[in-house]
Amino acid sequence: MAGGPGLRERKKLRTRRTLIATAVRMFEQQGYDETTLADIAAAAEVSTRTFFSYFAGKEDVVFFDTRRRVDGALAVIASRRPGEPVADLLLRVAAEALSFDTEEAELAIELHTARTRLIMSVPALQARALHLLFEVQRELAGALLRAYPGELDPIEAAAAVGAFMGAVKQAVMAARDRGDPPDLMRAAARRGIEVVLDGLRSLGRPQGRESGANDDGIATQV
């Protein structure tokens, strides 16, 4: 018989999901700043103490899936295969990030539109999103550097991660701005990844002077 979450774990997952869905709904209905932790706990029929056993504050509820997604990306980077190029590894990272095979991922899809509206309209959430973006990029760049010892330098690792994440973010925002539903936003993210990975395929190749390169190693012709 296949193992799965026990009764206690399933109950914890249900409570967490209820807190998230309740909080996002209340933020939308009565305002983020106007909604207190006590309000959320009461509406979810749990104590404030129980709320704090799941989240440190209101911002953490909105970004409930960030840590899971980062940990998933880090695990993929740490599993680099022998000789695997940077672009191929980041393609696997993207596949992990765009997979929706968990209950939390399904909840993220369900709340996507509401969360996006909140993040775009609440200054505190905008600031948190920007902070998380920078911190996640630094974390992933460090992991990428460790996965390619002697093959990448810190600048290349940082640039690769920045290009990769920037492509995803901008592609998704463009899709969102034209009113695409979540499935088409994911398709846009994949397209953005394809575009940027074409450029990243140069990383890890032997370095040397090529025809058309100036003294700084920058190609003068394309």
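Residue 1 is where the sequence shown starts when you use full-length UniProt numbering, and the numbers rise one by one after that.
Beta carbons: idealized from backbone N, C-alpha and C, even for Gly.
Original post:
In the segment 110-179, which residue ranges form an unbroken beta strand (DSSP E) of at least 3 residues, counting only runs that do not cross its ends?
Top reply: none
Subject >> Ala-44 in three-state terms, based on DSSP >> reply: Start at 1 with the first residue of the sequence shown, and residue 44 comes out as number 44. Coil at Ala-44, not helix or strand.
Original post:
Does the segment 134-152 come close enough to the segment 62-78 that 3 or more CB-CB pairs lie under 8 Å?
Top reply: yes
Original post:
Under 7 Å between the Cβ atoms of Thr-22 and Ile-40?
Top reply: Residue numbering aside, residue 22 sits at position 22 when the sequence shown is read from its first letter. Residue numbering aside, residue 40 sits at position 40 when the sequence shown is read from its first letter. For Thr-22 and Ile-40, yes; Cβs fall inside 7 Å.
Subject >> Boundaries of the alpha helix (DSSP H) in which Asp-71 is found, first to last residue >> reply: Indexing the sequence shown from 1 puts residue 71 at position 71. 66-78 is the extent of the alpha helix (DSSP H) around Asp-71.
Subject >> The alpha helix (DSSP H) enclosing Leu-7, as first and last residue numbers >> reply: For the purposes of this step, residue 7 is taken as the residue at position 7 of the sequence shown. Per DSSP, the continuous alpha helix (DSSP H) segment holding Leu-7 begins and ends at 7-30.
**OP:** Measure the beta-carbon distance from Glu-59 to Arg-17 and round it to whole angstroms, keeping in mind my assumption that it falls under 8 Å.
**Re:** As a first step, residue 59 must be located in the sequence shown, where it is residue number 59. As a first step, residue 17 must be located in the sequence shown, where it is residue number 17. Between Arg-17 and Glu-59 the Cβ distance is about 18 Å, and since that is not below 8 Å, they are no contact.
Subject >> Asp-33 - DSSP class collapsed to helix/strand/coil >> reply: Locating residue 33 in the sequence shown gives position 33, where the first residue counts as 1. Asp-33 falls in the coil class under three-state DSSP.
Subject >> Three-way DSSP call (helix, strand, coil) for Glu-84 in this model >> reply: Here residue 84 refers to the residue found at position 84 of the sequence shown. The answer is coil: DSSP assigns Glu-84 none of H, G, I, E or B.
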